[in-house]
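For the record, the sequence lines run as chains Z and H.
Whatever position you read off the first sequence (first residue = 1), add 46 for our numbering.
Whatever position you read off the second sequence (first residue = 1), add 34 for our numbering.
C-beta atoms are modelled at their ideal positions from N, C-alpha and C, and glycine is treated no differently.
Let me begin by presenting the structure, written as structure tokens, before commenting on it.
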Amino acid sequence: MSTLTSTNPLLQLIRRRYPDVTGKALLQSVTLPVLGIALFLIAWQLVAPQINTSLGNFPTPANVYEQAGQLWQEHQNEQDRADRYVEMQEKRNARILADNPDAETRIRPYPGAPTFIDQIFTSLKTVLAGFFLATIIAVPLGIMIGLNRYFAAAANPIIQIFKPVSPLAWLPLVTMVVSATYVSDDPMFEKSFITSMVTVTLCSLWPTLINTATGVAQVNPDLVNVSKVLRLPFWTHARKVVLPAAVPMIFTGLRVSLGIAWMVLIAAEMLAQNPGLGKFVWDEFQNGSSDSLSRIMVAVLAIGFIGYVLDRIMLMIQRKVAWDE
Amino acid sequence: MSKSHLELTGVSMSFDTPQGPFQALDTINLKIRKGEFVSLIGHSGCGKSTVLNIVAGLLQASQGGCVLDGHEVNTPGPERAVVFQNHALMPWLTVYENVELAVRQVFRKSMTKRERQDWIIHNLELVNMAHAQDKRPGEISGGMAQRVGIARALSMRPSVLLMDEPFGALDALTRAHLQDALMEIQQDLNSTVIMITHDVDEAVLLSDRIVMMTNGPAATVGEELTIDLPRPRNRVTLADDDQYVHYRQAVLRFLYEKQRFPGKGDKAPQASTPTEEADSTAPESPVEVKAPEPQSTSAKTKKPVATAVQD
Numbered sequence: 047m048s049t050l051t052s053t054n055p056l057l058q059l060i061r062r063r064y065p066d067v068t069g070k071a072l073l074q075s076v077t078l079p080v081l082g083i084a085l086f087l088i089a090w091q092l093v094a095p096q097i098n099t100s101l102g103n104f105p106t107p108a109n110v111y112e113q114a115g116q117l118w119q120e121h122q123n124e125q126d127r128a129d130r131y132v133e134m135q136e137k138r139n140a141r142i143l144a145d146n147p148d149a150e151t152r153i154r155p156y157p158g159a160p161t162f163i164d165q166i167f168t169s170l171k172t173v174l175a176g177f178f179l180a181t182i183i184a185v186p187l188g189i190m191i192g193l194n195r196y197f198a199a200a201a202n203p204i205i206q207i208f209k210p211v212s213p214l215a216w217l218p219l220v221t222m223v224v225s226a227t228y229v230s231d232d233p234m235f236e237k238s239f240i241t242s243m244v245t246v247t248l249c250s251l252w253p254t255l256i257n258t259a260t261g262v263a264q265v266n267p268d269l270v271n272v273s274k275v276l277r278l279p280f281w282t283h284a285r286k287v288v289l290p291a292a293v294p295m296i297f298t299g300l301r302v303s304l305g306i307a308w309m310v311l312i313a314a315e316m317l318a319q320n321p322g323l324g325k326f327v328w329d330e331f332q333n334g335s336s337d338s339l340s341r342i343m344v345a346v347l348a349i350g351f352i353g354y355v356l357d358r359i360m361l362m363i364q365r366k367v368a369w370d371e
Numbered sequence: 035m036s037k038s039h040l041e042l043t044g045v046s047m048s049f050d051t052p053q054g055p056f057q058a059l060d061t062i063n064l065k066i067r068k069g070e071f072v073s074l075i076g077h078s079g080c081g082k083s084t085v086l087n088i089v090a091g092l093l094q095a096s097q098g099g100c101v102l103d104g105h106e107v108n109t110p111g112p113e114r115a116v117v118f119q120n121h122a123l124m125p126w127l128t129v130y131e132n133v134e135l136a137v138r139q140v141f142r143k144s145m146t147k148r149e150r151q152d153w154i155i156h157n158l159e160l161v162n163m164a165h166a167q168d169k170r171p172g173e174i175s176g177g178m179a180q181r182v183g184i185a186r187a188l189s190m191r192p193s194v195l196l197m198d199e200p201f202g203a204l205d206a207l208t209r210a211h212l213q214d215a216l217m218e219i220q221q222d223l224n225s226t227v228i229m230i231t232h233d234v235d236e237a238v239l240l241s242d243r244i245v246m247m248t249n250g251p252a253a254t255v256g257e258e259l260t261i262d263l264p265r266p267r268n269r270v271t272l273a274d275d276d277q278y279v280h281y282r283q284a285v286l287r288f289l290y291e292k293q294r295f296p297g298k299g300d301k302a303p304q305a306s307t308p309t310e311e312a313d314s315t316a317p318e319s320p321v322e323v324k325a326p327e328p329q330s331t332s333a334k335t336k337k338p339v340a341t342a343v344q345d
């Protein structure tokens, strides 16, 4: 056991960061989570073959692992093909230019279907765009609601009614509105992207809005009095006193919002056919091959892991920005 | 005495509550000279803070008003700087930045950037806090934070310094240090100070005049006591001083014999059951007493006076 603790780089890292943690606590902090995961995998392995579906048995961890490798391989292959496609065009363009230096040449993007990895990045882009839009709406609005109790009383019923609405209810409306209003011959974004993004925004802005308003309303009255004694102008008061005071609450709201945004996104992508993880799951489901369930399970685990990473990143930013940490 | 510096005339205050209007203050008249140190003392809930907030402009008197240097006060402003009980420093700013927030706002036109920097450091040095200028309020002790709160108030170069139980949240030793520091600063700057306190020793040690307030509701000025002790004052030698002891007793007598029902104001006259009368030391009183209690016999004899003041 002692050799294990001294050679394991993870344990060494933990030891270096938390030198006062005892060996026993250290062992527990590593072994218990590993044990939990192991037990979960064993249970999964035992139960999966018992579940029969029309697409075969429920995938075991081994099936899922295999499909994860498969998806990665497909991505590599597609990338090679894309590289070759571009290379081919470049050679052809070079030939054309050699014949006629004034010729107009262009490089067409590779027309292949997006791979699982591409879809992950599409999802990330969509969720971040929706979350960003939600933030720039919710934070200023929350500050206004928090500063003015008349405004708060007027806004409260609206917030309470829209807060629990499911993304699936918004989506048809958003789709129709986007189709009707976002008309362009050379659109910068796909309609499916806009629809998914707006749906994410509509569902994820509420926690940030409510937390910002609460944080602003709860600013220590003494600090507000200091601001009054100094006769700070409204904008200075908002920027120098109210906003920093509310930052811890705002970030708590942002973390909840980002979690919701990520959850909502998958449903929105399924229905809006935005080429992200939601569409991947939906396409695999429609596809109905013997590998589909394993591939969907890969997506489920990827969705969970990315959601976790996003939350950790928000926590890191919060620790950097907030004064109470 | 020349024309008064700060004058409260017929200040009354009533708050609207769900049970109807609540009369907190009734016809307070007070004149304060330039450079005078005045303490407001009274039991909890007697409206001391309300008086201070009216002078600060944070509250509007229902009747009467407050005039500073010939101008009526109706909004807050840096010429009436406030020191709050719990320092009220912005926790996300450093010590320096907290003072800077005030200095930049008050002197952004009249001082250059360099002058403002010097002025911030000067004020921090005044309270011996220049060494901690880069620390955040959460990293320094309560007493140090309160020093910074005082430095911030002084940095506004106020005509009147308003202090709302500035040392109430501190331990006794820290409090004594800060009282001494405040006495020195006040003597150097000759600032006008109104301080709220419920510490009798603090009031006698620091003040030129103690204004004693009756219990609420409808609290008003009960008695005024001029403290004619030479400055600089030394707490150790004064402890034996007959005059000091006499002043102290006068304040204690007012608080514990004439106004001995803190926060229950209107109920006091009816509540004179024999057991309560015997218990004249008022153990639940929030007023801090570090001396022998007044004798219970005198409490009984003074009782009618208390009733009279209540009515």
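Can you list, in chain order, the residues of its chain with a C-beta nearer than 6 Å to that of residue i? Leave out the 5 residues immediately preceding and following it.
{"i": "residue 107 (chain H)", "result": "91 and 100"}
{"i": "residue 322 (chain H)", "result": "Low per-residue confidence applies at residue 322 (chain H): pLDDT is 46, beneath 50, and the placement is therefore not dependable, though the value from the model is reported in the following sentence. Within the same chain, residue 322 (chain H) has close Cβ partners 233."}
{"i": "residue 160 (chain Z)", "result": "321"}
{"i": "residue 221 (chain Z)", "result": "241"}
{"i": "residue 339 (chain Z)", "result": "101 and 105"}
Would you mind working out which of the options sits nearest residue i, comparing C-alpha positions?
{"i": "residue 245 (chain H)", "options": "H:57, H:81 and H:277", "result": "H:81"}
{"i": "residue 127 (chain Z)", "options": "Z:158, Z:138, Z:340 and Z:140", "result": "Z:158"}
{"i": "residue 282 (chain H)", "options": "H:76, H:139, H:238 and H:66", "result": "H:238"}
{"i": "residue 184 (chain H)", "options": "H:225, H:285 and H:152", "result": "H:225"}
{"i": "residue 293 (chain Z)", "options": "Z:267, Z:319, Z:263 and Z:305", "result": "Z:263"}
{"i": "residue 235 (chain H)", "options": "H:272, H:136, H:95 and H:53", "result": "H:272"}
{"i": "residue 304 (chain Z)", "options": "Z:108, Z:369, Z:171 and Z:76", "result": "Z:171"}
{"i": "residue 238 (chain Z)", "options": "Z:256, Z:218 and Z:255", "result": "Z:218"}
{"i": "residue 344 (chain Z)", "options": "Z:370, Z:330 and Z:125", "result": "Z:330"}
{"i": "residue 292 (chain H)", "options": "H:255, H:274, H:181 and H:136", "result": "H:255"}
{"i": "residue 204 (chain H)", "options": "H:120, H:145 and H:44", "result": "H:120"}
{"i": "residue 297 (chain Z)", "options": "Z:261, Z:199, Z:231 and Z:216", "result": "Z:261"}
{"i": "residue 96 (chain H)", "options": "H:134, H:126, H:46 and H:117", "result": "H:46"}
{"i": "residue 257 (chain Z)", "options": "Z:216, Z:130 and Z:302", "result": "Z:302"}
{"i": "residue 149 (chain Z)", "options": "Z:155, Z:141 and Z:156", "result": "Z:141"}
{"i": "residue 290 (chain H)", "options": "H:142, H:275 and H:247", "result": "H:247"}
{"i": "residue 62 (chain H)", "options": "H:70, H:98, H:94 and H:87", "result": "H:98"}
{"i": "residue 179 (chain Z)", "options": "Z:243, Z:116, Z:235 and Z:138", "result": "Z:243"}
{"i": "residue 69 (chain H)", "options": "H:241, H:57, H:134 and H:270", "result": "H:241"}
Could you tell me if residue i is buried or exposed, where buried requires 16 or more neighbouring beta carbons within 10 angstroms of its beta carbon?
{"i": "residue 86 (chain Z)", "result": "exposed"}
{"i": "residue 362 (chain Z)", "result": "exposed"}
{"i": "residue 286 (chain Z)", "result": "buried"}
{"i": "residue 317 (chain Z)", "result": "buried"}
{"i": "residue 307 (chain H)", "result": "The predicted position of residue 307 (chain H) is uncertain, since its pLDDT is 39 and thus under 50; no value can be drawn from it."}
{"i": "residue 336 (chain Z)", "result": "exposed"}
{"i": "residue 146 (chain Z)", "result": "exposed"}
{"i": "residue 195 (chain Z)", "result": "exposed"}
{"i": "residue 39 (chain H)", "result": "buried"}
{"i": "residue 355 (chain Z)", "result": "exposed"}
{"i": "residue 186 (chain H)", "result": "buried"}
{"i": "residue 365 (chain Z)", "result": "exposed"}
{"i": "residue 258 (chain H)", "result": "exposed"}
{"i": "residue 281 (chain Z)", "result": "exposed"}
{"i": "residue 228 (chain H)", "result": "buried"}
{"i": "residue 266 (chain H)", "result": "exposed"}
{"i": "residue 132 (chain H)", "result": "buried"}
{"i": "residue 58 (chain Z)", "result": "exposed"}
{"i": "residue 358 (chain H)", "result": "This structure gives no information on residue 358 (chain H), because the portion of chain H shown stretches from 35 to 345."}
{"i": "residue 204 (chain Z)", "result": "exposed"}
Less than 7 Å between C-beta atoms, sequence neighbours within five positions excluded: which residues of the same chain meet that for residue i?
{"i": "residue 173 (chain Z)", "result": "246, 307, 308 and 311"}
{"i": "residue 103 (chain Z)", "result": "94, 95 and 97"}
{"i": "residue 121 (chain Z)", "result": "161, 162 and 163"}
What is the C-beta distance between residue i and residue j, in whole angstroms, given that I count them as a contact (C-beta under 8 Å)?
{"i": "residue 359 (chain H)", "j": "residue 115 (chain H)", "result": "No answer is possible for residue 359 (chain H): it lies beyond the span of chain H, which begins at 35 and ends at 345."}
{"i": "residue 153 (chain Z)", "j": "residue 133 (chain Z)", "result": "The Cβ separation is near 10 Å, so there is no contact."}
{"i": "residue 230 (chain H)", "j": "residue 86 (chain H)", "result": "6 Å"}
By Cβ distance below 8 Å, which residues in the same chain neighbour residue i in space, the five residues on each side in sequence not counted?
{"i": "residue 277 (chain H)", "result": "262 and 263"}
{"i": "residue 214 (chain Z)", "result": "313 and 317"}
{"i": "residue 211 (chain Z)", "result": "248 and 249"}
{"i": "residue 166 (chain Z)", "result": "322, 323, 348 and 352"}
field: Contact between the stretch 271-284 of chain Z and the stretch 248-257 of chain Z (3+ Cβ pairs under 8 Å)
entry: no
query: Is the stretch 187-204 of chain H in contact with the stretch 164-173 of chain H, if contact means three or more CB pairs nearer than 8 Å?
result: no
task: Say whether the stretch 212-222 of chain H touches the stretch 167-183 of chain H, bearing in mind that this needs 3 or more beta-carbon pairs closer than 8 Å, one atom from each stretch.
output: Because the criterion of three Cβ pairs below 8 Å is met, the stretch 212-222 of chain H and the stretch 167-183 of chain H touch.
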